[in-house]
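Student: If you want my numbering, it's the position in the sequence shown, counting the first as 1, plus 160.
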Amino acid sequence: MFFLILLLAHLQAAIIPIILGIKSFNKFKSINKRKKIALGFIFLGLASISEMIDHIQTSWIYINHSSLFNWLFYSFLSLGLTSLSTSVIKNKFIKTTNLCIAFCAITSYFLFDKTISLFFQAIISVFLIISWHRAFKDWLLILYPIFGIILTTFFGTNLLNTSDQFWHILIGPSGTISVLTFYLILKRWEKKLLKFS
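1) If you reduce the DSSP assignment to three classes, tell me which class F272 lands in.
2) In the segment 207–256, which residue ranges form an unbroken alpha helix (DSSP H) of at least 4 residues, counting only runs that do not cross its ends?
3) Looking at C-beta atoms only, is the number of pairs between the segment 284–301 and the segment 321–328 that lie closer than 8 Å three or more?
4) Does the distance from the C-beta atom of F162 to that of P177 stay below 7 Å?
5) What residue from T336, T218, D214 and I284 has the CA that sits closest to S238's CA?
6) Measure the alpha-carbon distance for R194 versus H170 and round it to whole angstroms.
7) Between which residues of its own chain and I165 is the CB-CB distance below 7 Å, once the five residues before and five after are set aside?
8) Which of the three DSSP states, helix, strand or coil, is assigned to Q281?
9) Return yes when the Cβ of L288 is within less than 7 Å of the Cβ of G240, no when it is not.
10) Give me the Cα-Cα distance between I216 and K355, rounded to the nearest whole angstrom.
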């Protein structure tokens, strides 16, 4: 039963972002780079799929290790967050900086270690929060750092410290709430534009 719940927690973290990505391809026409939004969601779904494949190799027990699929998880996560961030950034220098940081996050995993990659991902998240706040000014954005950063880090730290797989179940749904937050912000933005047009 526990394995089934763990599997469902991971499956929803993969399926929901991909569905949102597919739905986003023809939505949010007020955003010039809306295809990046769709790709961002899809990349986040691919990150979860990579994590699931990595877990198959460890019999679904979380192990803090480096591997090809763990690297793909972090790489797709970086690409997803960067795509969402750069979809609303107009300044070319800031956009290029964001892309360079994503490149550093992806390459540093193998060149140095996962900790350095996580440092660059934290910077990507800061860029994302700032760029979406400037673009949408929606209070819902606060849910991203709460669920996507603080709670997932808290659950992950407890998992590492205790090896209690219960914490593993909570990470995926917490991340999904942050993904749904982005989609809801976009929907609210579109609704607001229609109201004033």
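Note that the Cβ used here is the ideal one computed from N, Cα and C, for glycine as well.
Tutor: Straight from the coordinates:
1) coil
2) 228–246
3) no
4) no
5) I284
6) 26 Å
7) I329
8) helix
9) no
10) 48 Å
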